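A.B. asks:
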Amino acid sequence: MNRENKQQLVTEMHDKLSRAKAVFLADFRGMSVELATDLRNELRKAAVEYKVVKNTLLELASKDTDKESLAPHFAGPTAIAISYDDPVAAAKVLSKFAKDKPNAFKLKAGVLTGKAITVADIQALADLPSREVLIAKLLGTLNAPVSNFVGVLAAVPGSLVRVLAAIQTSKEN
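Positions 1 to 173 (my numbering) are the ones given, in order, by the sequence shown.
#1: Smallest Cα separation from residue 99: which of 33, 86, 123?
#2: How about residue 52 and residue 79: are their beta carbons less than 8 Å apart?
#3: Can you tell me the Cα-Cα spacing of residue 158 and residue 141, whole angstroms?
#4: To the nearest angstrom, how far is it from the Cα of residue 41 to the Cα of residue 138?
#5: Can you tell which of 85, 171, 160 has its C-alpha closest to the C-alpha of residue 21?
#6: Nearest by alpha-carbon distance to residue 115: which of 102, 95, 67 is it?
#7: Which one or two residues does DSSP pair with residue 52 in a beta bridge?
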């Protein structure tokens, strides 16, 4: 790779890092081509970009971005996963893969909306429910007081009808 290609790659990676909501770093030592392909396919389904880039180029690309805090982790074989949309989906795939293949793939660190996160934080992020589930829970919570209020209002006329029915029955007897 000549100097011009490297500069182009650094510029491209700088742009990607600037736009990314979340970035995760991993050590892929011991990973076979077949495993790498499986991981890439899983990440592609989650709309996550996965690349292996030289550490020096990554360090140059991360300068002047909120991902600059990853620089200490640019050592050894480093793969980068970039999520532009849903960081939880990326964390789920990467965390599951690291758990299933501990000898071939290890998470190093990450950055989520400008804040550095550890492997434990990535695992906690992966344990979160999906975005759709969280939205459904929020809507259910917001809807509960209204539903309860409607139930209380509906109970008042129902109680009145039952009392009148009881009075009618007692007068008939």
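Just so it is clear, CB atoms sit at the ideal spot from N, CA and C, and this is done for glycine as well.
This one's a predicted model, so the numbers in the text were calculated from it and none came from an experiment.
C.D. replies: Let's see:
#1: Sequence index remark: in the sequence shown, residue 99 carries index 99 (1-based). Taking the Cα of residue 99 as reference, the smallest distance to any Cα among 33, 86, 123 is reached at 123.
#2: Working through the sequence shown from its first residue, we reach residue 52 at position 52. Working through the sequence shown from its first residue, we reach residue 79 at position 79. Taking C-beta atoms as the reference points, residue 52 and residue 79 count as a pair closer than 8 Å.
#3: Position 158 of the sequence shown, counted from the start, is the residue given in the question as residue 158. Position 141 of the sequence shown, counted from the start, is the residue given in the question as residue 141. Cα to Cα, residue 158 sits roughly 26 Å from residue 141.
#4: Working through the sequence shown from its first residue, we reach residue 41 at position 41. Working through the sequence shown from its first residue, we reach residue 138 at position 138. Going by C-alpha positions, residue 41 is about 32 Å away from residue 138.
#5: For this step, residue 21 is matched to residue 21 along the sequence shown. Comparing Cα-Cα distances from residue 21 to each of 85, 171, 160, the minimum goes to 85.
#6: Locating residue 115 in the sequence shown gives position 115, where the first residue counts as 1. 67 is the residue among 102, 95, 67 whose C-alpha sits nearest the C-alpha of residue 115.
#7: In the sequence shown, counting from the first residue as 1, residue 52 sits at position 52. In the DSSP assignment, the residues bridged to residue 52 are 79.
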